[in-house]
Amino acid sequence: MTSHTVAEVMTEDVVQVRRTTPFKEVVRLLDVHRISGLPVVDGDDKVLGVVSGTDLIRTQASRADHCSARAVTAADLMTSPAITVHPEQTVPDAARLMERRGVERLPVVDEEDRLIGIATRRDLLRVFLRTDADIRRQVTEEIVVGSLGLRDEAVLVSVRAGVVTLDGRVNLRSQVPEAVHAAWRLEGVVGVVNGLTFRFDDCSPSAATGEPGAL
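Residues 5 to 219, numbered by this note's numbering, are exactly what the sequence shown covers, in order.
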């Protein structure tokens, strides 16, 4: 099975700032480029952190509370360390990381942690805009026939709003979680309902047949 990689969806021309970039310049860049955040890099283009609109608001509120006149730079504003990804990572994995860490953008770095692009939530979500028919075709061709080696009619695959339902009987019990997990990893899939049974229990030799898995 194939998945899009971060390299295929990322933006290569990244608006970025240095640690010493002044507060007003950060605000100007966000406004001019109509973006909600940008990475902070050092002299070697290694990512030190990320500045978001939320960081700006928080800093302004803090300055007002403390009546501070000290000059504020990107180093004072940024959230650090930055949550980054590598270009070869898959879009589903990057989307899960973004959701788990509660961030809107992921700087993309090379093997030396140098900035080479940025992937936003919108970039990643574009990949998930697939039709149910397209997802159903991929599940049938690549999982049912390709991975499990079954006839396409052996497993009834239905997809509604990105939720895949699997009904039918596979040969081995171990193939049930294999099929479910493989479906989960496909782009555009938001859920999997498992209704598969199995003919032979290769996990527990004493059992001969199985009921729908509770995955």
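Note that beta-carbon positions come from the ideal geometry of N, C-alpha and C, so glycine has one too. Quick caveat, the model's predicted, so the values are computed rather than measured.
Residue 5 - DSSP class collapsed to helix/strand/coil: Because the pLDDT at residue 5 is just 46, under 50, the model does not fix this residue reliably, and the value given afterwards should be weighed accordingly. Note: residue 5 maps to coil in three-state DSSP.
Selected residue, minimal CA-CA separation from residue 90, among 182, 11, 107, 206: 11
Minimum length 4: unbroken alpha helix (DSSP H) runs contained in the segment 87 to 151: The segment 87 to 151 contains these whole alpha helix (DSSP H) runs: 95 to 105, 125 to 131, 136 to 142.
Selection from 207, 15, 189, 35 that minimises the alpha carbon distance to residue 132: 189
Nearest-angstrom Cα separation, counted from residue 208 out to residue 125: Residue 125 and residue 208 have their C-alpha atoms spaced approximately 43 Å apart.
Distance between residue 168 and residue 177 (C-alpha atoms, nearest Å): 19 Å
Delimiting residues of the alpha helix (DSSP H) encompassing residue 43: Where residue 43 is concerned, there is no enclosing alpha helix (DSSP H), although the beta strand (DSSP E) around it starts and stops at 41 to 45.
Extent of the continuous alpha helix (DSSP H) to which residue 251 belongs: With the chain running from 5 to 219 in the structure shown, residue 251 is simply not present.
Per-residue DSSP class, three states only, for residue 160: Residue 160: strand per DSSP, three-state reduction.
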